[in-house]
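This note's numbering numbers the first residue of the sequence shown as 104 and each following residue consecutively. Structure, as structure tokens:
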Amino acid sequence: MSTAGKPRVAVTRRIYPSLIEELKSVYALDDNQGDRLLPPEELARRLAAADGALTFATDRIDEAVLAAAAKLKVVANVAVGFNNFDLAACTRHGVLATNTPEVLNESVADHALALLLAAARRLGESERWLRAGHWKRWEFDQFAGADLHGRTLGIIGFGRIGRAIARRAAGFSMRVIYADTARLPADVEAGAQWVGKEELLRQADHVVVMVPYLPSTHHLIGAAELALMKPTAVLVNLARGGVVDDAALVRALRDGRLAAAGLDVFENEPQLNPGFLELENVVMTPHIASSTQATREAMARLAMRNLADALAGRRPPCLLNPDAWDRRRQ
Ligand code: GLV
């Protein structure tokens, strides 16, 4: 198929083949469909030749990449988080930056409950024990865990995903308290109670962290915050590595100052703090909270819509840097 006259689009990571076929019918595609992560120089080289790009949380889009990409009009992240973008640099260069909000809310909230239940009811630990052939007889107090029902769930970050988690917690007969930068209108709170972060950490039986990663949320949960939590509590982090101080969390879990943790994201992932691997009371998944077949497809399709709109001169639905619109590249 001829690519003459078609906009050139880079796809930096593997996505479903059917989506690649769709993209190929519209664009001259530079797709990286192996399992290889593009090193920064290669990412910059590929984007330098592109009109638009589908990017992922693993791609750092910074000044160096943007300065070399004279024709680039849009970077469409296949993720709701966008801490891999230097947004101010995108705006300076007139490059539209987009993300994929909403379509992943319910899948991520499901995963939050999966991690909370798994950590509270000691699923990983008891299954490892069973598989290792240790189960000789039933015991009255075997793997006694923590309840969810009737307990208080503290949600730090009561945005779209935080509220989807709260809806599920209501189904578990949990009381929900939340901390956020401001109190939300009563109809949005839907019965949840706004409290300060410290009050939340003291009151909650279990805590879920669901805030964006920003300079202001770096180590939002560190040693001081963990010390406020109940020693019977479970902490769940599905936000971003760096929001929780992993070294402090390892110490709290090791010293019994916290019952358990459920983690989908880590500082310096995919490298893990080795302390986690020595602990039984932590359940870990490899940054897959939005990874269901349907949700990943919906995320990719929303990113494709953002890309298509931007390349056609239309304002994309999930524009992150509206200030770039007036200086966008034609
Ligand atoms: C996943 O972490 C996302 O930001 O979508």
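The beta carbon of each residue, even a glycine, is placed where N, CA and C say it ideally should be.
Would you say residue i touches the ligand GLV, meaning its beta carbon is less than 8 Å from a heavy atom?
i      : result
ARG116 : no
ARG263 : no
LEU140 : no
Should residue i be labelled buried (16 or more other beta-carbon atoms within 10 Å of its own) or exposed?
i      : result
GLY365 : buried
GLU381 : exposed
VAL385 : buried
HIS252 : exposed
PHE243 : exposed
PHE246 : exposed
LEU405 : buried
VAL291 : exposed
GLY236 : exposed
THR284 : exposed
GLY155 : buried
ASP358 : exposed
ARG231 : exposed
ASP426 : exposed
THR106 : exposed
ARG343 : buried
ARG139 : exposed
PRO204 : buried
Leaving out the 5 sequence neighbours to the left and right, which residues in its chain are closer than 7 Å to residue i when beta-carbon positions are compared?
i      : result
ASP349 : PHE369, GLU370, ASN376
LEU329 : ALA351, LEU352, ALA355, ARG360, LEU361
ALA192 : ASP165, GLU166, LEU169
ARG163 : PRO143, ASN187
PRO300 : Checking the sequence shown, residue 300 turns out to be Lys, not Pro. The answer, listed in chain order, is ILE259, ALA282.
LEU207 : VAL183, SER393, THR398, MET402
ALA264 : Residue identity check: residue 264 is Ile in the sequence provided, not Ala. If we look at ILE264 and ignore the five residues flanking it on each side, its Cβ neighbours are ASN208, VAL211, ALA212, MET313.
ARG224 : GLY248
Sorted by chain position, which residues of the same chain lie with C-beta nearer than 8 Å to residue i's C-beta, five sequence neighbours on each side aside?
i      : result
GLN306 : THR255, GLY257, ILE280, VAL298
LEU190 : ALA200, LEU423, ASN424
ALA153 : ARG111, VAL112, ALA113, ASP133, ALA172, LYS174, LEU175
GLU125 : MET407
LYS109 : VAL129, TYR130, ALA131
TRP428 : LEU199, ARG418, LEU422
Short of 6 Å in beta carbon distance, which residues of its chain neighbour residue i, apart from the five on each side in sequence? Order them along the chain.
i      : result
HIS321 : GLY345
ASN409 : ALA179, THR201, PRO419, CYS421
THR388 : ASP367
GLN296 : ILE280
Of all the CB atoms in chain D, is at least one closer than 9 Å to the CB of residue i?
i      : result
LEU169 : You won't find chain D in this structure, because it holds only one protein chain.
Per the contact definition of three or more C-beta pairs closer than 8 Å, is the segment 218-227 in contact with the segment 326-341? yes
The segment 278-286 in contact with the segment 140-150 per 3-pair CB rule at 8 Å: no
Measuring from each Cβ to the nearest heavy atom of the ligand GLV, keep the ones under 5 Å and list them in chain order. ALA182, VAL183, GLY184
Is it true that the segment 348-363 meets the segment 317-326, where meeting means three or more beta-carbon pairs spaced less than 8 Å apart? yes
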